[in-house]
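So the mapping is simple: the numbering used here equals the position in the sequence shown, first residue as 1, plus 228.
Where is the CB? At the ideal position from N, CA and C, for every residue including glycine.
All values reported here derive from a predicted model rather than from experimental measurement.
Below is one structure, written out as structure tokens; comments come after it.
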Amino acid sequence: MKRLEGKVALISGTARGQGRAAALRFAAEGALVVGGDLLHEEAVETQRVIAREGSTALTPGPLDVTDEDSVRSWVKEAADAFGGIDIVYANAGAVRFGAIDSQPYESFTYTLRAELDSVWLTVQAAWRHLVARRGCVLTIGSTAGLTGSLTNRRTAHSASKGGVIALTRQLAAEGAPYGIRANCVSPGMIDTDGSRANLLAEDHPMRSIARHIPLGRTGTPDDVVNAAVFLASDQASYITGANLVVDGGWSTVLPGACP
Ligand SMILES: NC(=O)c1ccc[n+]([C@@H]2O[C@H](COP(=O)([O-])OP(=O)(O)OC[C@H]3O[C@@H](n4cnc5c(N)ncnc54)[C@H](O)[C@@H]3O)[C@@H](O)[C@H]2O)c1
């Protein structure tokens, strides 16, 4: 049985990576997917794949989740097209890493805006629709929001993802009276275009991190999406305010000597 039959799901960042995988999978589970991305053409291509597989998707104009007007018109187009919104999946994000002693403030605020403000803007714009449908919110945190890193200098990313996890818990509290559930999925190291461009790049010290992950591999977008489908479905109807860590056990162990 399809687990998201007839649900209208707003998913940001559907051009590539986890957002693209989420759009394809949510559609296969019966959801009507409204995607969006800065990379508009690639997001439309995701929509075409969904249509070829016989499901329904819509990708209004280019979306910038850091721009309030852009987010508001995206939400409006989704609600107008499908009559409401059941699921908001705030996936899109962009990061700039840097050490505390050298990262420019502008780079810190860029990351906060792209990873935290973006989630708040998206959820706020869709909130009244979620109230109307007793909908649900999915956010994407990170193990970076839970633990520090000895290898990767990332105060901005840690702060924004810790903020996403905290924001999600508060959304759970404020949403509960309306029947809205809000949950976060916190991935560890996932192999995507985004991570290949930085942490998994050939010259980065973290490229061999799989050796330190208890389950012995980096994650795939589908590992994250599996958790997201569950949390968005009725099977999770008594779960709200959770932060489901999808990291192969990476954040549960202390670093040991290299085998
Ligand atoms: N890859 C990982 O290891 C990892 C780990 C933990 C958390 N995450 C989080 O997962 C989410 C998805 O990451 P990914 O690895 O798939 O990244 P990705 O870079 O492969 O994909 C991100 C997508 O978001 C889009 N995007 C970025 N900024 C945008 C904006 N302002 N407006 C609209 N679209 C925008 C990009 O164009 C891209 O299509 C992010 O929130 C990221 O922080 C990733």
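With a cutoff of 8 Å on beta-carbon distance, Thr294 and Thr274 are scored as not near each other. Short note on Glu343: C-beta closer than 7 Å to some heavy atom of ligand 1.
In this structure, Gln463 is the residue among Val473, Trp348, Gln463, Asp475 with its C-alpha nearest to the C-alpha of Met229. Look at Gln275: its beta carbon is at least 7 Å from all of the heavy atoms in ligand 1. Ala360 and Gly312 have their alpha carbons spaced roughly 8 Å apart. Sixteen is the threshold: when 16 or more other Cβ atoms of the shown chains lie within 10 Å of the Cβ of Pro415, as they do, the residue is buried. Apart from sequence neighbours up to five positions away, the residues of its chain that approach Leu428 with a beta-carbon distance below 6 Å are Arg435, ordered along the chain. Note that the C-beta distance between Ala425 and Thr367 is not below 8 Å. Checking the DSSP bridge columns, you'll see Ile441 has no partner listed. For Arg409, the Cβ stays outside the 7 Å cut-off from all heavy atoms of ligand 1. For ligand 1, a non-hydrogen atom lies closer than 7 Å to the CB of Pro415. The region 364-380 makes contact with the region 316-330, as at least three CB pairs between them are under 8 Å. Rounded to the nearest whole angstrom, the C-alpha separation of Thr350 and Ala470 is 19 Å.
Taking Ile441 as the centre and dropping the five residues before and after it, the same chain places the C-beta of Gly416, Met417, Asp475, Gly476, Gly477, Trp478 closer than 8 Å to its C-beta, in chain order. Under DSSP, no beta-bridge partner is assigned to Ile278. Short of 7 Å from the beta carbon of Gly390, and not among the five residues preceding or following it, lie these beta carbons of its own chain, in chain order: Gly373. Taken atom to atom, the span from the alpha-carbon of Asp308 to that of Leu482 is near 49 Å.
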